[in-house]
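Only one structure is covered here, and it is reproduced in the block below.
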Ligand code: AMP
Ligand code: ZN
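Residue numbers (our numbering): 560 to 671.
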């Protein structure tokens with residue numbers, strides 16, 4: 560998608576601190592971290608949000624969860640929080656599906 564910020568991270572036209580990647584996913588550090596570890600995991604395929612996920616794309620959600628588990632281990636995180644903001648009023652500002660992986664401090668509930 561020409562106008563998508565995260566597609567530009569994937570194609571390298573916007574620089575990012577890449578943590579890891581494979582044929583389906585890229586993980587990179589959030590530019591405005593909300594915790595000592597704040598990493599975004601995104602599919603290389605442009606999907607706007609979880610709302611737009613088609614049944615045949617659903618396995619990507621499991622891939623994201625497995626990558627989060629591996630990154631958390633690498634980052635030394637025993638506990639961590641994973642968040643999908645879905646839609647503008649839920650806090651989504653970039654409309655390319657992404658999961659926030661946050662850790663390194665305590666988190667409260669409910670979220671703001
Ligand atoms: P959301 O608000 O859930 O859509 O999350 C988008 C996230 O992308 C925010 O936490 C931003 O700080 C982050 N972000 C925006 N631009 C960049 C960028 N160029 N590199 C890394 N993270 C970014
Ligand atoms: Zn995109």
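Using N, Cα and C, we set each Cβ at its ideal position, and we do this for glycine too. The model shown is predicted, which means the values in this text are computed figures rather than measured ones.
Residue interval of the beta strand (DSSP E) (run including residue i)
i, result
"residue 586", "584–588"
Residue i Cβ short of 6 Å to ligand 1 heavy atom set
i, result
"residue 648", "no"
"residue 581", "no"
For residue i, the first and last residue of its enclosing alpha helix (DSSP H)
i, result
"residue 645", "It is not in any alpha helix (DSSP H) - residue 645 carries neither H nor E in the DSSP assignment."
Under 7 Å between C-beta atoms of residue i and residue j
i, j, result
"residue 586", "residue 664", "no"
"residue 577", "residue 598", "no"
Residue i beta carbon near ligand 2 (any heavy atom closer than 6 Å)
i, result
"residue 655", "yes"
"residue 666", "no"
Residues of its chain near residue i, where Cβ-Cβ distance is below 7 Å and the 5 sequence neighbours each way are ignored
i, result
"residue 623", "584, 600, 658"
Proximity test, Cβ basis, 7 Å: residue i and chain C
i, result
"residue 610", "Any reference to chain C falls outside this structure, which holds one protein chain only."
Beta-carbon proximity list for residue i, same chain, < 6 Å, skipping 5 on both sides
i, result
"residue 654", "607"
Problem - 3-residue-minimum beta strand (DSSP E) runs that sit fully inside the stretch 589–636, ordered along the chain - result: 596–602
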